[in-house]
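Contents: one structure, followed by commentary.
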Amino acid sequence: MLVLFPMQEQSDDSSEDEAAGDTDMDFLRNLFSSALGLGSAEKVLDELTLDGVARYINSGKCKNIICMVGAGISTSAGIPDFRSPGTGLYANLQKYNLPYPEAIFQIDYFKKHPEPFFALARELYPGQFKPTICHYFMKMLKDKGILRRCYTQNIDTLERVAGLEGDDLIEAHGTFYTSHCVSFCCRKEYSLEWMKEKIFSDDIPKCDKCSSLVKPDIVFFGENLPARFFTSMKMDFPRCDLLIVMGTSLQVQPFASLVSSCPRLLINMEKAGQVNPMMGLFGFGEGMDFDSDKAYRKLSDSLKSAVPNLFCTTDQFNVRQYFHGPAFKVLRINTPK
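Under numbering that gives the first Met the number 0, the residues of the sequence shown are numbered 0 to 336, in order.
Here's what the structure looks like:
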């Protein structure tokens with residue numbers, strides 16, 4: 000089983016607490032496996048390396064790849080992630096005078112004070128940024144006919160810009176592509192163009208039918224995830240034969256609980272420490288470090304991919320330019336205990 004995974008250091012707990020935590024994690028792991036119809040892991044990689052992953056993809060046996068992606072794949076496009084100290088979005092919201100950083104995405108706070116969110120939306124609005132190599136890597140998998148689905152936590156729509164379409168995507172945290180009136184009695188839908196005009200004219204978007212606020216269809220804290228997330232999850236993950244996780248620390252539920260018993264490749268920013276109880280839910284263990292630039296380029300080379308040709312000529316393509324951001328500092332291959 001192949002995993003690239005950043006694990007946080009575990010504090011010294013009593014053996015009694017550890018035993019209780021292990022029991023809880025065993026229960027949750029079995030619960031998710033049962034709910035999704037997942038069996039035990041089967042060895043399909045000839046070695047736990049990026050070459051092993053590439054050979055598996057090229058073998059013809061790998062036909063249903065799922066990509067799970069988060070903010071880390073867009074940082075090199077200029078979009079900040081949420082939690083990085085100093086540079087993350089939450090660390091730079093002082094100018095909005097929020098009671099706490101997460102309030103900008105709290106639905107109850109938004110209904111009373113929509114101004115901070117729409118001011119931030121002007122800064123991060125879709126269409127101002129270009130996809131990264133990670134987005135085009137997923138497009139390459141689609142073109143090969145082996146991408147089952149991309150599950151994204153991001154709301155920047157760069158997956159769509161790179162060429163993924165609606166059926167290729169599960170936008171777990173919603174999208175800017177459509178907006179709706181927040182009134183349960185109305186729920187009138189508005190287009191991306193309508194919302195963009197309102198945001199950049201400094202108007203607070205109001206429903207022209209009932210005068211309630213209109214909010215982009217991104218998921219705020221306190222709102223339910225899209226129903227399609229759950230229906231697709233039940234269909235996709237039992238069929239998944241390779242899971243590629245990029246740019247997410249797997250801290251946000253239920254996105255964090257979708258890892259299945261198949262080969263798993265995880266690429267993320269933080270260095271890995273020891274396994275903590277929550278990560279035991281996924282069966283993650285320890286492994287070896289890889290340099291991200293070399294390893295990611297090596298994977299693409301091994302796949303004999305034409306990634307550069309998706310957006311520039313080969314001699315213009317410099318893979319290192321896509322790794323200036325912090326999203327891919329560490330690659331780690333882990334094996335289960």
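Think of the CB as a built atom: it goes at the ideal place given N, C-alpha and C, for glycine as much as any other residue. Owing to the predicted nature of the structure, the values given are computational and were not obtained by experimental measurement.
Residue i (DSSP reduced to helix, strand or coil)
{"i": "Cys355", "result": "Since the first residue of the chain shown is 0 and the last is 336, residue 355 is not available in this structure."}
{"i": "Asp240", "result": "coil"}
{"i": "Pro215", "result": "strand"}
{"i": "Phe229", "result": "helix"}
{"i": "Phe128", "result": "coil"}
{"i": "Leu224", "result": "coil"}
{"i": "Ile72", "result": "helix"}
{"i": "Leu119", "result": "helix"}
{"i": "Ile266", "result": "strand"}
{"i": "Phe283", "result": "Note that Phe283 scores 37 on pLDDT, short of 50, meaning its location in the model is unreliable and no value can be drawn from it."}
{"i": "Phe310", "result": "Only weak support is given to the placement of Phe310: the predicted model assigns it a pLDDT of 35, under 50, and the value that follows is read from those uncertain coordinates. If DSSP states are grouped into helix, strand and coil, Phe310 belongs with coil."}
{"i": "Gln93", "result": "helix"}
Host alpha helix (DSSP H) of residue i (start-end)
{"i": "Ile106", "result": "Ile106 to Lys111"}
Range covered by the beta strand (DSSP E) that runs through residue i
{"i": "Val52", "result": "Not the beta strand (DSSP E): Val52 falls in the alpha helix (DSSP H), residues Leu49 to Asn57."}
{"i": "Val68", "result": "Ile64 to Val68"}
CB of residue i within 8 Å of CB of residue j, strictly
{"i": "Lys214", "j": "Phe109", "result": "yes"}
{"i": "Asp245", "j": "Cys133", "result": "The sequence shown places Met at residue 245, not Asp. Yes, they are a contact pair."}
{"i": "Lys187", "j": "Lys208", "result": "yes"}
{"i": "Asp167", "j": "Leu146", "result": "yes"}
{"i": "Gly69", "j": "Asn153", "result": "yes"}
{"i": "Ser211", "j": "Cys180", "result": "yes"}
{"i": "Thr356", "j": "Tyr176", "result": "Residue 356 lies beyond the range of the chain shown here (0 to 336); nothing can be said about it."}
{"i": "Leu123", "j": "Lys141", "result": "no"}
{"i": "Gly77", "j": "Thr247", "result": "no"}
{"i": "Lys138", "j": "Ala120", "result": "no"}
{"i": "Leu264", "j": "Val52", "result": "yes"}
{"i": "Tyr189", "j": "Ser182", "result": "no"}
Any non-hydrogen atom of the ligand COA within 7 Å of residue i CB
{"i": "Tyr124", "result": "Here there are no bound small molecules, and the ligand COA is not part of this structure."}
Using 8 Å as the threshold, is the region 165-174 in touch with the region 195-208, meaning 3 or more CB pairs across them? no
* To do: At 4 residues or longer, and completely inside the region 139-211: list those alpha helix (DSSP H) runs for me, N to C.
  => 157-161 and 191-199
#### Entry: Stretch pair the region 233-250 + the region 59-69: three plus CB contacts closer than 8 Å
Enough Cβ pairs lie closer than 8 Å, so yes.
Margin query: Does the region 105-119 come into contact with the region 218-235, if we say contact requires no fewer than three beta-carbon pairs (one atom in each stretch) closer than 8 Å?
Written below: Yes, since at least three Cβ pairs between the region 105-119 and the region 218-235 fall closer than 8 Å, the two stretches touch.
Check: Taking three-plus beta-carbon pairs below 8 Å as touching, is the region 126-146 in contact with the region 97-110?
Finding: In the pairwise beta carbon analysis, the region 126-146 is classified as not touching the region 97-110: fewer than three pairs are separated by under 8 Å.
- Query: So, do the region 223-230 and the region 43-61 have three or more beta carbon pairs nearer to each other than 8 Å?
  - Reply: Because the criterion of three Cβ pairs below 8 Å is not met, the region 223-230 and the region 43-61 do not touch.
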